[in-house]
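Chemist:
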Amino acid sequence: MSGIESILKETRSFPPSDDFRQKAVIPGMEAYNALCDQANGQYLSFWGDMARELLSWKKPFSRVLDESAAPFFKWFDDGQLNVSYNCIDRHLAQNANKIALIFEADDGAVTRVTYAELHRRVCQFANGLKSLGIKKGDRVVIYMPMVIEAIVAMQACARIGAIHSVVFGGFSAGALRDRVQDAGARLLITANEGLRGGKGVPLKATTDEAIALGGCDTVEHVVVYRRTDSEPAWDANRDVWWHQLVEKQPEQCEPEWMNAEDPLFILYTSGSTGKPKGIQHSTAGYLLGAINSFRWVFDYRPNDVFWCTADVGWITGHTYVCYGPLGNGATQVIFEGVPTYPDATRFWRMIERHKVSLFYTAPTAIRSLIKLGADAPKQFDLSSLRVLGTVGEPINPEAWMWYYEVVGGGRCPIVDTWWQTETGSAMIAPLPGAVPTKPGSCTLPLPGVMADIVDESGAPVEAGKGGFLVIKKPFPSLVRTIWGDPERFKKTYFPEEFDGKFYLAGDSAHRDENGYFWIMGRIDDVLNVSGHRLGTMEIESALVANPLVAEAAVVGKPHEIKGEAVVAFVVLKGPRPQGDEARKVADNLKQWVAHEIGKIAQPDEIRFGENLPKTRSGKIMRRLLRSLARGEEIVQDVSTLENPQILQQLQESA
Ligand code: 7RM
3 MSGIESILKE TRSFPPSDDF RQKAVIPGME AYNALCDQAN GQYLSFWGDM
53 ARELLSWKKP FSRVLDESAA PFFKWFDDGQ LNVSYNCIDR HLAQNANKIA
103 LIFEADDGAV TRVTYAELHR RVCQFANGLK SLGIKKGDRV VIYMPMVIEA
153 IVAMQACARI GAIHSVVFGG FSAGALRDRV QDAGARLLIT ANEGLRGGKG
203 VPLKATTDEA IALGGCDTVE HVVVYRRTDS EPAWDANRDV WWHQLVEKQP
253 EQCEPEWMNA EDPLFILYTS GSTGKPKGIQ HSTAGYLLGA INSFRWVFDY
303 RPNDVFWCTA DVGWITGHTY VCYGPLGNGA TQVIFEGVPT YPDATRFWRM
353 IERHKVSLFY TAPTAIRSLI KLGADAPKQF DLSSLRVLGT VGEPINPEAW
403 MWYYEVVGGG RCPIVDTWWQ TETGSAMIAP LPGAVPTKPG SCTLPLPGVM
453 ADIVDESGAP VEAGKGGFLV IKKPFPSLVR TIWGDPERFK KTYFPEEFDG
503 KFYLAGDSAH RDENGYFWIM GRIDDVLNVS GHRLGTMEIE SALVANPLVA
553 EAAVVGKPHE IKGEAVVAFV VLKGPRPQGD EARKVADNLK QWVAHEIGKI
603 AQPDEIRFGE NLPKTRSGKI MRRLLRSLAR GEEIVQDVST LENPQILQQL
653 QESA
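The sequence shown begins at 3 in my numbering and counts up by one.
(1) Verify whether the separation of the beta carbon atoms of Pro462 and Cys38 is less than 8 Å.
(2) Considering only heavy atoms of the ligand 7RM, does any lie closer than 7 Å to the CB of Val393?
(3) Report the three-state DSSP secondary structure of Phe477 (helix, strand or coil).
(4) Let me check you understand the geometry: is the CB of Ile317 closer than 7 Å to at least one non-hydrogen atom of the ligand 7RM?
(5) Output needed for Asn548: all residues of its chain with C-beta closer than 7 Å, excluding positions within five of it in sequence on either side, in chain order.
(6) Of the choices Ala511, Pro278 and Asp264, whose alpha-carbon is the least far from that of Tyr270?
(7) The beta strand (DSSP E) with Gln604 in it runs from where to where?
(8) Please go through the region 214-297 and give each complete beta strand (DSSP E) segment of 3 or more residues, from N-terminal end onward.
(9) Do three or more CB pairs link the region 411-422 to the region 378-387 at distances below 8 Å?
(10) Between the alpha carbons of Val307 and Lys380, how many angstroms are there, rounded?
(11) From what residue to what residue does the alpha helix (DSSP H) around Lys201 run?
(12) Just the Cα atoms here: how many angstroms apart are Lys474 and Asp68?
(13) Residues bridged to Ser167 by DSSP?
(14) With Lys25 as the anchor, note down where its alpha helix (DSSP H) starts and where it stops.
(15) Quick one: is the Cβ of Arg524 within less than 7 Å of any heavy atom of the ligand 7RM?
(16) Drop a sphere of 10 angstroms on the beta-carbon of Met3, count the other beta-carbons inside from all chains shown, and report buried for 16 or more, exposed for fewer.
(17) Since Arg624 and Ala555 should fall inside the 8 Å C-beta cutoff, what is the C-beta to C-beta distance between them, to a whole number of angstroms?
(18) Suppose you measure from the CA of Pro341 to the CA of Val358; what does that come to, to the nearest Å?
(19) How is the alpha helix (DSSP H) around Val182 delimited, first residue to last?
(20) Is the beta carbon of Cys310 within less than 7 Å of some heavy atom of the ligand 7RM?
(21) Which whole-angstrom value describes the C-beta separation of Thr333 and Ile368, a residue pair presumed to lie in contact below a C-beta threshold of 8 Å?
(22) Provide the residue(s) that pair with Gly609 in DSSP beta bridges, ordered along the chain.
(23) Mind checking whether Gln282 and Ile602 have CB atoms under 8 Å apart?
(24) Using a threshold of 7 Å, is the CB atom of Leu652 nearer than that to any non-hydrogen atom of the ligand FAD?
(25) Is it the case that the CB of Pro396 approaches a heavy atom of the ligand 7RM more closely than 7 Å?
(26) Give the DSSP-derived three-state secondary structure of Gly523 in the structure shown.
(27) How far does the alpha helix (DSSP H) with Ser56 in it extend, from its first residue to its last?
(28) Would DSSP call Arg513 helix, strand or coil?
(29) Alpha carbon to alpha carbon, what distance is there between Ala292 and Trp77?
(30) Can the beta-carbon of Leu131 be found less than 8 Å from the beta-carbon of Ala164?
(31) Quick one: what does DSSP say Ser4 is sitting in, helix, strand or coil?
(32) Just to confirm, is the Cβ distance from Ser427 to Trp421 under 8 Å?
(33) CB-CB under 8 Å to Phe75, same chain, minus the five flanking residues each way: which ones, in chain order?
(34) How many angstroms separate the CA atom of Leu649 from the CA atom of Ala544?
(35) CB of Cys125 to nearest heavy atom of the ligand 7RM: below 7 Å?
(36) Return the CA-CA distance between Trp316 and Arg23, expressed in angstroms with no decimal places.
Shown next as structure tokens:
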């Protein structure tokens, strides 16, 4: 097998302004390099010092890392602490009246919660959980809308040492049941309804349905937060109203002092095949990753207003809504609704309204907002913005430039953050006061992250050559195991092929002549065209660079001569073309790709749709497109698909 080839060339580079650099948390490349040298030279004391400086410990640890049961690493493991104490209590002496949460509801109503108020709510709910018999180590599934109470529930679990598992509120009864069952949850927390885009989401009814499917016998109670006036079906032996549960609870709740390695939460990832994996994170190592990466990557300063648009159902909502910002004592916006309601200017309106300075969203959201109104941000005062972030998928240079120029006014560094549910916190991302950015690159690893790109034998590949993205040393916030399946954990993430020594991320990537990382897509999605192994990202970027194109996804299909042919699924900025028009545009786009990156990457076939099949967190599901391209029936699990109706349209577009 030859290495994965890189064919995209991007030469633009954007250093931070002098003013930005001078005020930054990590001010300039010298400071960045000094931290990297420190981490390279003294890996353990680097992380040990960081853990002492950034976390508040009840009992200090005496040992940084225990590798004796590798790859089941233990960090700071004889130390004791509590995550909720670190996120709330320790800010009270100085910042009790600082705003922690600015909640904007679906209908635009705003509620502000101070750190003191958050403390009171978390303590009362934690006491409520205890009154239901929930204790340290019990699993609690949280199936909530994106409201203040979702964060209160997570923090309350952390406070009493219960292990939460948040299930995204858009998941079906079946998906919820599978997760409840795998986790063996004693308690479910939900709402009667959620509200998104003006419509009710029947969370309690779906919860009832999930339990009725069977296999949830461990569940003793369902706590229900009343978000709307609708009256849910009620099982008086099992169901408890949130407001009644907290009513007479004391406003103080002593935190449960946890061991550093006690699990903090489980979060299920669907993965491309098979049963969802319960990614298990630790208490101290995870929190350290969340707190430290937040201040480094977003260059966090105490007056910032942060807004991460992710739902708490995803890892991004765990690390950069619930734990990272609160752990730093920050003020953040949380948003119940969707970016297109009441119209596609919602994000820009909210940035102006709340004077957001640090904004973090997904490339999919950026691309769809470009399609819905490329000039829309210009109607709003976005001058409060300081740093713009992206996460979740490669961002193509075209969307990057739009984000940089139209949203950021050319002033704001773009932090393209590469990481995973499994890594717990950002791994490869520019520190915005130091690392010059390049459109489409997540740039350089954070100090202390030993990322590399290797070939099949585990040897580093040279600059410009693609390979497997790996992390070569254990890292505090890395996944500890797959809940209930340590063997699968070992096989998936520390495979034999690399002697079990490297963490295998599952992405392909290459580095350029400056050592910058470019993610090329999932390894499973790599195409093999005439013996050339091509990542999906570069061909997609070339397509999106065409002014007509809003979004694109490419997959391979078997080809007699070439091995694989390139099939591209394309969404135009304008209406979906049909007939002759479609053929004409397709021909133009094929030539465009050949011209932009070379004949080898030229699509053999282009199909147009109004959208692409995406997961509920906005990732393109290429495995479904692969089946479509091959004319196969879709037999894969589509339960995590946001927009199933699009499959038919793409099928018919052949
Ligand atoms: C945070 C999150 C992880 C996968 C990962 C990549 C892709 C995420 C980027 C990215 C290119 C990025 N966790 N990915 N961020 N690809 N550039 N900045 O998304 O577990 O849900 O997904 O997402 O393939 O392996 S996740």
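Just so you know, even glycine gets a beta-carbon here, dropped at the ideal spot from N, CA and C.
Modeler: Reading it off the structure:
(1) no
(2) yes
(3) coil
(4) yes
(5) Leu591 and Trp594
(6) Pro278
(7) First-last for Gln604: undefined, no H or E at that position.
(8) 223-227, 241-243, 265-271 and 279-284
(9) yes
(10) 21 Å
(11) Not the alpha helix (DSSP H): Lys201 falls in the beta strand (DSSP E), residues Lys201 to Val203.
(12) 16 Å
(13) Val143
(14) Asp20 to Lys25
(15) yes
(16) Any reading at Met3 is ruled out, since the residue's pLDDT is 40, under 50, leaving its predicted position unreliable.
(17) 6 Å
(18) 16 Å
(19) Ala175 to Ala185
(20) no
(21) So it is not a contact: roughly 24 Å between Cβ atoms.
(22) The residue you asked about is not Gly; residue 609 is Arg in the sequence shown. Bridge partners of Arg609: Phe571.
(23) no
(24) The ligand FAD is not among the ligands present in this structure, which contains only the ligand 7RM.
(25) yes
(26) strand
(27) Rather than Ser, the amino acid found at residue 56 in this sequence is Leu. Residues Tyr45 to Leu56.
(28) strand
(29) 15 Å
(30) yes
(31) Here Ser4 scores only 46 on pLDDT, less than 50, and its place in the model should not be relied on; the value that follows carries that caveat. Ser4: coil per DSSP, three-state reduction.
(32) yes
(33) Leu67, Asp68, Glu69, Pro476, Leu480 and Arg482
(34) 24 Å
(35) no
(36) 31 Å
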